[in-house]
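A.B. asks: Okay, so the sequence shown: first residue is 14 according to the working numbering, each after it adds one.
Take a look at the following structure, please.
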Amino acid sequence: MPIEYAKNDEMEKAVIDLISDTAYEEFNAIRDYELGFQIAAKVKTNADGEQEPTTGEPVVVRRIGPADAVFLNGHFKIYICDLRWRESSRDHQKAMLHQALMRILIENTDSGIKIKMRKPDVVTFQQTIVRFGAWEDQLIQLRNNLVSAQKKAKATLVNSA
């Protein structure tokens, strides 16, 4: 199944708008250090030439390494599954971007600034959940597990009293 990459002005504008929105305090460091991004739509087609969704996360963030830096400006590449993007509401598009951008970690150290990628965890995604609710299957499952755990904890308290 061939995968092609293409510039997409709508996606680029959505990323820039999200990062630029000062209501998203979690992106202050990205704004403060003026990190640069290269954004592309990721288009996957099947043997019949029909578009299909890519596997994995709908939005992928990758560091621009030294070899890529010869050809690309910026700090990160962002690949967005074209089909999943087009099939999503504006809120889901923002949530997909937010989730991916939350992977970027900027640390101030004695030797200067370190830009890293971090793995997602519940704490990392609390801001996404607060802003967008349980917008994908994994978050719905997490919510259901938390509700179940809360009920079990209450039952344990009642039984021990």
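Ideal placement from N, C-alpha and C gives every residue a C-beta, glycine not left out.
(1) Tell me whether residue 20 is buried or exposed, calling it buried when 16 or more other Cβ atoms sit within 10 Å of its Cβ.
(2) Just verifying my parser: in three-state terms, what is the DSSP assignment at residue 35?
(3) Report the option in 117, 115, 15 whose CA atom is closest to the CA atom of residue 61.
(4) From residue 40 to residue 153, what does the alpha carbon distance come to, in whole angstroms?
(5) For residue 122, name the three-state secondary structure that DSSP assigns.
(6) Alpha carbon to alpha carbon, how far is residue 9 from residue 43?
(7) Please identify the residue among 168, 93, 23, 31 whose C-alpha is closest to the C-alpha of residue 141.
(8) Count the other CB atoms, across all protein chains shown, that sit within 10 Å of the CB of residue 127; report buried if there are 16 or more and exposed otherwise.
(9) Between which two residues does the alpha helix (DSSP H) harbouring residue 147 extend?
(10) Closer than 7 Å by C-beta to residue 24: which residues in its own chain qualify, once you throw out the five before and the five after it? Chain order, please.
(11) Nearest to residue 116 by CA position, among 95, 87, 74, is which residue?
(12) Kindly provide the ranges of any beta strand (DSSP E) runs that are 3 or more residues long and lie completely inside the segment 78-131, ordered along the chain.
C.D. replies: Looking at the coordinates:
(1) exposed
(2) Under the three-state reduction of DSSP output, residue 35 falls in the coil class, being neither helix nor strand.
(3) 15
(4) 25 Å
(5) strand
(6) No statement about residue 9 is possible, as the shown extent of the chain runs from 14 to 174 and does not include it.
(7) 31
(8) exposed
(9) Run containing residue 147: none; DSSP gives neither H nor E here.
(10) 52, 54, 93, 98
(11) 74
(12) 89-94, 117-122, 125-130
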